[in-house]
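In what follows, a structure is listed as structure tokens, so that the remarks can point back to it.
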Amino acid sequence: MPTTNSSPIAVWLAMFSLVMDNKSSLQELLDDRIGMPWSRFRVLRRLEHADRTQRELAERMGIDAPAASVIVADLVNRGYVIRAQHPRDRRCKVVRITDTGRALLEQLRDLDVVPATTAPLTATERKELARLVEKMRQGAEK
57 MPTTNSSPIA VWLAMFSLVM DNKSSLQELL DDRIGMPWSR FRVLRRLEHA DRTQRELAER
117 MGIDAPAASV IVADLVNRGY VIRAQHPRDR RCKVVRITDT GRALLEQLRD LDVVPATTAP
177 LTATERKELA RLVEKMRQGA EK
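Going by the numbering used here, the first residue of the sequence shown is number 57, and it counts up by one from there.
Okay, here's the thing in structure tokens:
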């Protein structure tokens, strides 16, 4: 069904449906390319702009604390993140992306893969969509 309603919730629902309906094929492709589960990429993406506690990661990803702990431990073992002392709460640790983790994110962004959902877009349209998605991401981070 075409998306003609531009209300905030209608746009959100259309985007969410598009992603959810098409995520498994991209997940499989990326799993093959990076050799680790999609959940690890999701954590790296969330750490790209700010350090987070494991609790914050779990809340933002909609997973429980033990699952977040397993994911973070795996990423630490792979050298993509480190655990560091929280700057304001010495009882707590934050998870921080490493240069190796950042390099992996860049490598993924440079893959020569065109998901079916973005194939119909021109280069200009993809740039505009990327700009809008980043604006939405920044708004969600507040």
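Built from N, CA and C at the ideal position, the CB exists for glycine as well.
Practice problem: Using the Cα positions of residue 110 and residue 134, report the straight-line distance between them to the nearest angstrom. | Solution: As a first step, residue 110 must be located in the sequence shown, where it is residue number 54. As a first step, residue 134 must be located in the sequence shown, where it is residue number 78. Their backbone Cα atoms lie some 17 Å apart in a straight line.
Exercise. Could you pull the start and end residues of the beta strand (DSSP E) that residue 151 belongs to?
Key: Locating residue 151 in the sequence shown gives position 95, counting from the first residue. Here the beta strand (DSSP E) through residue 151 covers 149–153.
Exercise. Kindly say whether residue 70, judged by its beta-carbon, lies nearer than 8 Å to any beta-carbon of chain D.
Key: Chain labels in this structure do not include chain D; a single protein chain is all it has.
Quiz prompt | Opening and closing residue of the alpha helix (DSSP H) in which residue 124 lies | solution = Stepping through the sequence shown from its first residue, residue 124 is reached at position 68. Here the alpha helix (DSSP H) through residue 124 covers 121–134.
Quiz item: By how many angstroms is the C-alpha of residue 96 removed from the C-alpha of residue 164?
Solution: The count along the sequence shown starts at 1 and reaches residue 164 at position 108. The count along the sequence shown starts at 1 and reaches residue 96 at position 40. Near 13 Å, if we compare the C-alpha coordinates of residue 96 and residue 164.
Quiz item: Which same chain residues, not among the five before or five after residue 128, have their C-beta less than 6 Å away from its C-beta?
Solution: In the sequence shown, the residue the question calls residue 128 occupies position 72. Closer than 6 Å at Cβ, skipping near neighbours: 110 and 151.
Quiz item: Can you tell me whether DSSP reads residue 172 as helix, strand or coil?
Solution: Position 116 of the sequence shown, counting from 1, holds the residue named residue 172. Of the three classes helix, strand and coil, the one that applies to residue 172 here is coil, per DSSP.
Practice problem: Determine, using beta carbons only, whether residue 138 and residue 154 come nearer to each other than 8 Å. | Solution: Taking the sequence shown and counting its residues from 1, the one referred to as residue 138 is at position 82. Taking the sequence shown and counting its residues from 1, the one referred to as residue 154 is at position 98. Yes, these two residues count as a Cβ contact at 8 Å.
Exercise. From the DSSP output, in three-state form, read off residue 114 for me.
Key: Reading the sequence shown from its first residue, position 58 is the one you call residue 114. DSSP places residue 114 in helix when its eight states are reduced to three.
Quiz item: Ends of the alpha helix (DSSP H) at residue 179?
Solution: Residue mapping note: residue 179 aligns to position 123 of the sequence shown, counting from 1. 179–197 is the span of the alpha helix (DSSP H), which, as asked, contains residue 179.
Quiz prompt | Residues near residue 121 by beta carbon distance below 8 Å, same chain, minus five either side | solution = In the sequence shown, counting from the first residue as 1, residue 121 sits at position 65. If we look at residue 121 and ignore the five residues flanking it on each side, its Cβ neighbours are 110, 111 and 114.
Exercise. Taking 8 Å as the cut-off, decide whether the C-beta atoms of residue 172 and residue 78 are in contact.
Key: Within the sequence shown, the letter at position 116 stands for residue 172. Within the sequence shown, the letter at position 22 stands for residue 78. Cβ atoms of residue 172 and residue 78: closer than 8 Å.
Practice problem: Pull up the DSSP beta-bridge partners for residue 137, would you. | Solution: The residue given as residue 137 occupies position 81 in the sequence shown. BP columns for residue 137 point to 153.
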